[in-house]
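Novice: I have a structure here, written as structure tokens, and I will follow up with some questions on it.
Following this line, the structure appears as structure tokens:
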């Protein structure tokens with residue numbers, strides 16, 4: 531790669547990153563601002579006094595959301611839900627996706643098409659019948675009611691299936707001839723080769739459930755069980771759209787674990803696939 | 025954990041009798057592996073979808089018993105513009121949005137992924153930064169973009185002013201609303217980007233090297249190696265992107281609703297997406313029956329579009 | 195092997211943790227739990243006030259636990275709709291004023307028992323928002339309204355009439371072309387919600403009292419819409435479409451409610467503003483808003499629920515409760531907590547405030563028919579008369595009315 535090309539790549543990346551980062555910085559800055567410093571004609575990306583321009587950061591907003599807003603308990607609830615839900619869902623989805631991608635069983639493709647169809651019904655319409663089902667299973671207003679109705683995802687199965695399809699099949703065929711069972715192949719060949727996509731699914735499903743508001747809203751009544759997005763919603767006075775600084779403080783706290791998960795799993799995405807052992 | 029593990033397994037199976045048993049075995053294992061997902065699907069998707077289908081033939085306000093009206097909801101939605109004056113408008117809005125947002129988002133995601141993939145130093149950092157729009161709180165996203173598009177102070181108008189383009193009232197001019205929304209969706213392309221990145225990592229180095237040895241330049245390599253090898257990923261992003269765009273709701277809601285703002289989808293209904301319209305009928309106008317009918321009209325449409333994509337878009341890598 | 199054990203243990207711990215956070219103990223014996231749904235707290239102070247009232251009630255009624263479920267306002271009706279549909283509605287809860295008649299007509303909420311309250315102790319306008327078919331189905335919790343906010347630097351004395359308002363707006367815009375005279379409402383759901391108040395100001399109505407006749411194609415409504423169209427000349431949207439134009443000093447006047455007063459004081463301490471009753475043409479008028487509270491038919495503790503609602507609206511508690519909800523008391527004897535010159539204007543306005551039409555489909559008419567009609571006049575695509583005549587025709591066909 532020539533120097534000029536390399537430089538232009540970095541310039542492009544810096545520009546794109548700047549656009550991405552500005553709203554995030556604004557959220558961060560707002561979370562440290564006093565109420566009267568929030569509205570400036572040109573948004574200020576630092577917590578400074580509106581008039582004097584001097585540094586005027588405060589921790590009051592964090593103090594409020596943690597002590598009054600009940601964010602601490604909601605945080606713990608959200609962690610529990612995601613710790614159980616995300617891995618369980620990943621396993622169920624990956625098993626199904628592998629079967630759809632590689633194991634020829636009768637009715638497979640038809641079944642897959644039916645599943646895809648399910649993905650296409652707008653979830654808003656399914657909300658009320660889903661509440662019914664959750665109630666009749668006795669999971670309403672409980673932690674299980676957050677987990678079980680979300681324990682698989684057609685979207686993820688579809689993504690994993692596409693990835694498994696893109697893996698070179700020679701390796702698996704060789705293993706089959708060598709007498710390995712399907713499960714052995716799944717655990718020992720397919721999953722290790724699929725780390726990038728598994729990481730993607732983990733990140734996206736964690737992100738979705740960490741931020742999901744609608745389902746916890748309808749299925750939970752007990753404030754002790756509230757998840758983070760529900761607790762965050764409680765912080766805002768609605769009609770005036772006013773206290774942005776509380777929401778931003780809560781949102782900043784909520785984003786920390788997300789970035790943690792991202793840092794851990796994005797490495798996996800980069801790991802790539804070792805094809806060296808494959809060449810036959 | 026990868027391929028070398030297989031070396032030790034060669035002698036395990038008795039080869040001659042393997043084939044027929046494999047087939048019955050596959051049948052069993054295949055079904056076994058999909059059972060949990062299928063069970064979930066039946067209980068939490070299929071059953072709710074079937075009850076929604078039933079409700080689509082009824083007049084139901086969520087409170088009293090649903091009363092059977094046959095196909096009336098469907099025919100009224102399609103033909104009765106007194107009862108549903110904005111139904112076709114919402115279809116038009118959604119199609120326009122899909123046509124602009126999906127390609128824009130996919131191109132943005134691919135460009136970002138290629139850029140990040142082509143560097144070593146700082147790749148982790150840039151990937152994280154480019155992903156931030158996805159994790160930023162929705163409230164912040166709504167607020168910041170309303171500011172960026174602000175007719176008085178907005179950064180976008182200032183930048184356009186530098187190159188001599190007059191400022192626009194972006195979110196309040198019906199013709200500009202859809203492009204403005206599509207641009208936000210492209211800005212939030214982080215998930216598509218990491219999916220493309222995973223796809224790029226899946227391209228065997230050997231193929232790339234072979235192309236270089238053949239003397240292919242970067243442009244040729246892109247079209248002859250990267251694009252074909254990314255086909256399963258592109259296909260996935262296209263299909264799911266179209267489905268998501270046809271169901272767009274959250275973005276419109278964040279930009280136009282809440283906090284005393286309009287709930288009716290922007291100036292002259294120019295941001296009234298299909299699912300926002302559906303949501304209003306389901307939970308604001310007490311017409312769950314009609315809302316269910318809307319979702320099945322959408323379902324049929326999505327199915328046709330998706331079937332066409334499966335039929336005419338190449339999905340296997342080559 | 196040990197890894198498997200560790201993993202198993204981890205799963206067991208997770209499951210145990212989840213079970214622990216899922217098991218809410220139910221009271222037994224003669225203990226009763228009353229569930230009440232309400233909007234999220236507006237402020238931390240409001241939360242404390244409501245908590246104190248709740249404890250007072252429990253003290254006065256031994257063995258009773260009141261469980262308050264606080265729900266984000268924007269999502270309240272979605273959650274309530276789902277709960278009612280799946281027969282899991284609470285004992286009692288807040289209900290948006292225009293929903294009371296709908297819920298009453300299909301038996302989702304209970305009628306107020308005879309003799310429960312002394313009706314003369316309440317503001318009539320607020321109590322009337324709970325009526326459907328001549329019967330009473332709930333108690334008001336608070337009441338509120340919108341009024342004219344004006345920037346004292348740009349508008350030294352607030353206009354009283356439409357003509358004064360137009361003149362003031364024109365003067366402001368002439369003095370500085372970058373400042374709009376008035377933040378004119380738009381043709382959206384919110385604008386359509388404010389519109390009836392203006393129509394009443396010209397002596398008109400949206401529909402007749404019997405709820406059988408569309409009246410918003412008559413002269414008062416047309417004049418009201420023409421007022422907004424005229425105001426746009428001195429209030430370009432390019433200016434007022436900016437974020438918070440009034441607060442940022444870009445619009446000299448705007449229409450809003452009492453909830454905005456503390457927010458502006460807090461976030462825009464430099465803005466010198468006042469609040470005055472809405473300008474009118476022939477008679478002072480405005481809209482009434484606020485929250486009602488109702489008992490759901492599925493409640494097993496209806497008597498207790500009514501007791502709680504009466505407690506919230508009695509002379510002693512209603513003042514603080516209404517203030518916590520962001521409005522004014524509905525009980526004539528209750529103390530108005532909010533003070534300050536702004537509040538006086540709202541109280542003045544409340545005296546002449548009208549309830550929205552008690553037509554079950556009104557929200558839909560508001561959003562889908564009236565809002566677009568207003569917008570087509572405001573953008574000059576139709577005259578005020580054309581737009582409203584067209585909208586009235588559509589409303590008649592939708593509701594099946596002949597008048």
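Residue numbers (the working numbering), protein chains in the order written: chain F, 531 to 810; chain G, 25 to 342; chain X, 195 to 597. We treat Cβ as the ideally placed atom computed from N, Cα and C, and that holds for glycine.
#1: Determine the contact status of residue 650 of chain F and residue 326 of chain G, defining contact as a CB-CB distance below 8 Å.
#2: List the residues of chain X whose Cβ lies closer than 9 Å to the Cβ of residue 174 of chain G, in chain order.
#3: For the beta strand (DSSP E) holding residue 337 of chain X, just list the boundary residues, first then last.
#4: Going straight from the alpha carbon of residue 232 of chain G to that of residue 247 of chain G, what length do you get?
#5: As an exercise, report each continuous alpha helix (DSSP H) stretch of at least 4 residues that is fully enclosed by the region 74-110 of chain G, in chain order.
#6: Which of helix, strand or coil does DSSP assign to residue 522 of chain X?
#7: With DSSP collapsed to three states, give me the class of residue 211 of chain X.
#8: In whole angstroms, what is the alpha-carbon distance linking residue 592 of chain X and residue 255 of chain G?
#9: In terms of DSSP beta bridges, what is residue 485 of chain X paired with?
#10: How would you list, in chain order, the residues of chain X whose beta-carbon sits under 9 Å from the beta-carbon of residue 670 of chain F?
#11: Report back the beta-carbon spacing between residue 409 of chain X and residue 403 of chain X to the nearest angstrom; my notes put them in contact at under 8 Å.
#12: Along the region 113-136 of chain G, what residues have a CB closer than 9 Å to any CB found in chain F?
#13: What does the alpha-carbon distance come out to for the pair residue 296 of chain G and residue 273 of chain G?
#14: Can you find a CB in chain F that lies within less than 8 Å of the CB of residue 276 of chain X?
#15: Classify residue 195 of chain G: buried if its beta carbon has 16 or more other beta carbons within 10 angstroms, exposed otherwise.
#16: Pull up the distance between the alpha-carbon of residue 286 of chain X and that of residue 335 of chain X, whole angstroms please.
#17: Quick check on residue 440 of chain X - is its C-beta less than 8 Å from some C-beta in chain F?
#18: Strictly by DSSP, which residues pair up with residue 408 of chain X?
#19: Please identify, using Cβ separations under 8 Å, the residues of the region 603-632 of chain F that lie next to chain G, in order along the chain.
#20: Residue 202 of chain X: buried (16+ other C-beta within 10 angstroms of its C-beta) or exposed?
#21: Compute the Euclidean distance between the alpha carbons of residue 767 of chain F and residue 511 of chain X, then round it to the nearest angstrom.
#22: Which residues bound the alpha helix (DSSP H) around residue 227 of chain G?
#23: Could you please tell me which residues of the region 708-739 of chain F, in chain order, have their CB closer than 9 Å to any CB of chain X?
#24: Does residue 332 of chain G come out as helix, strand or coil in the three-state DSSP assignment?
#25: Does the Cβ-Cβ distance between residue 578 of chain X and residue 420 of chain X come in under 8 Å?
#26: DSSP state of residue 200 of chain X, grouped into three classes?
#27: Under 7 Å Cβ to Cβ from residue 241 of chain X, same chain only, skipping five residues before and after it: list those, please.
#28: Alpha carbon to alpha carbon, how far is residue 719 of chain F from residue 539 of chain F? Give it in angstroms, no decimals.
#29: Quick one: which chain G residues come within Cβ less than 7 Å of residue 556 of chain F?
#30: Our contact map puts residue 270 of chain G next to residue 322 of chain G with C-beta atoms below 8 Å; I'd like the distance itself, whole angstroms only.
#31: Given this structure, state the Cα-to-Cα distance separating residue 290 of chain G from residue 115 of chain G, to the nearest angstrom.
#32: Is the Cβ of residue 278 of chain G closer than 8 Å to any Cβ of chain X?
#33: Buried or exposed: residue 382 of chain X, going by 16 or more other Cβ atoms within 10 Å of its Cβ?
#34: Using beta carbons (cut-off 8 Å, strictly below), is residue 95 of chain G in contact with chain F?
#35: Around the Cβ of residue 741 of chain F, are there at least 16 other Cβ atoms within 10 angstroms (buried) or fewer (exposed)?
#36: Between the region 216-250 of chain G and chain X, which residues of the former have CB atoms less than 8 Å from a CB of the latter, in chain order?
Specialist: Considering the structure as presented:
#1: yes
#2: 435, 436 and 437
#3: 333-338
#4: 12 Å
#5: If we require 4 residues or more, the alpha helix (DSSP H) runs fully inside the region 74-110 of chain G come out as 96-103.
#6: strand
#7: Low local confidence applies: a pLDDT of 42 at residue 211 of chain X is under 50, so the model's placement there is unreliable, with the coordinate-based value given in what follows. Helix, per DSSP.
#8: 50 Å
#9: X:290 and X:336
#10: 280 and 282
#11: In fact, because the Cβ distance is near 10 Å, the residues do not count as touching under 8 Å.
#12: 132, 135 and 136
#13: Roughly 9 Å between the two C-alpha positions.
#14: Output row for residue 276 of chain X: interface = yes.
#15: So residue 195 of chain G ends up on the buried side.
#16: 12 Å
#17: Cβ-Cβ to chain F under 8 Å: no for residue 440 of chain X.
#18: X:401
#19: 622, 623, 625, 626, 628, 629 and 630
#20: Low local confidence applies: a pLDDT of 46 at residue 202 of chain X is under 50, so the model's placement there is unreliable, and no value is given.
#21: Caution is warranted here: a pLDDT of 46 is assigned to residue 767 of chain F, below 50, making its placement in the model unreliable, and the coordinate value is therefore given only provisionally. Each residue's alpha carbon lies about 22 Å from the other.
#22: Here residue 227 of chain G belongs to no alpha helix (DSSP H), and DSSP marks it neither H nor E.
#23: Along the region 708-739 of chain F, none of the residues has a CB nearer than 9 Å to a CB of chain X.
#24: helix
#25: yes
#26: In this predicted model, residue 200 of chain X has a pLDDT of only 45, less than 50, meaning its place in the structure is not dependable enough to derive any value.
#27: 235
#28: 35 Å
#29: The contacting residues are 164 and 168.
#30: 7 Å
#31: 15 Å
#32: With 8 Å as the cut-off, residue 278 of chain G does not count as an interface residue toward chain X.
#33: buried
#34: no
#35: Residue 741 of chain F is buried by the Cβ-count criterion.
#36: none
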